[in-house]
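Enquirer:
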Amino acid sequence: MGKRVLIVDDAAFMRMMIKDILTKNGYEIAGEAENGQVAVEKYKDVKPDLVTMDITMPEMDGIAAVKEIVSYDSAARVIMCSAMGQQAMVIDAIQAGAKDFIVKPFQPERVLEAVSKALS
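When the letters of the sequence shown are read in order and numbered with UniProt numbering, they come out as residues 1 to 120.
(1) Would you call residue 65 buried or exposed, if buried means 16 or more other Cβ atoms sit within 10 Å of its Cβ?
(2) Using only CA atoms, which one of 9, 120, 2 lies nearest to residue 63?
(3) Using the rule of at least 16 other Cβ atoms within 10 Å of the residue's Cβ for burial, across every protein chain shown, is residue 15 buried or exposed?
(4) So if DSSP puts residue 100 in a beta bridge, which residue, or which two residues, is it bridged to?
(5) If we call anything under 8 Å between Cβ atoms a contact, is residue 4 one with residue 41?
Listed below in structure tokens is the structure:
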């Protein structure tokens, strides 16, 4: 049984890219969310093994969502996804409870490395 991943990004194209990388490598997509608010609700519903979380999104950003998810489930595993030049945000995300971060545009190997590291 593949590990279940919740993909969170406001860009459908980015969600599709991550989904493609993960499903080709045996992961199951537990759900998708287009902002942090939806992500928190979906997390509670689907209880995924891992979350990939964009930082900059409408409604609720990724950092606020990570804080909320981690306060709900201290064992939550979240990997942040950020565009270049968001180092300060990445540090905030790690402090909020994220396990790792990957930089857009995604390198499939890096996504898989971060996911398997966070799940082990």
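Cβ atoms here follow ideal geometry from the backbone N, Cα and C, with glycine treated the same way.
Expert: Short version:
(1) As a working note, residue 65 is residue 65 in the sequence shown. Buried, because 16 or more other Cβ atoms sit within 10 Å of the Cβ of residue 65.
(2) By 1-based counting over the sequence shown, the position of residue 63 is 63. Minimum Cα distance to residue 63 is reached at 9.
(3) Locating residue 15 in the sequence shown gives position 15, counting from the first residue. Residue 15 is buried by the Cβ-count criterion.
(4) The residue given as residue 100 occupies position 100 in the sequence shown. DSSP output for residue 100 lists 79 as bridge partner(s).
(5) Taking the sequence shown and counting its residues from 1, one reaches residue 4 at position 4. Taking the sequence shown and counting its residues from 1, one reaches residue 41 at position 41. Going by C-beta atoms, residue 4 is not nearer than 8 Å to residue 41.
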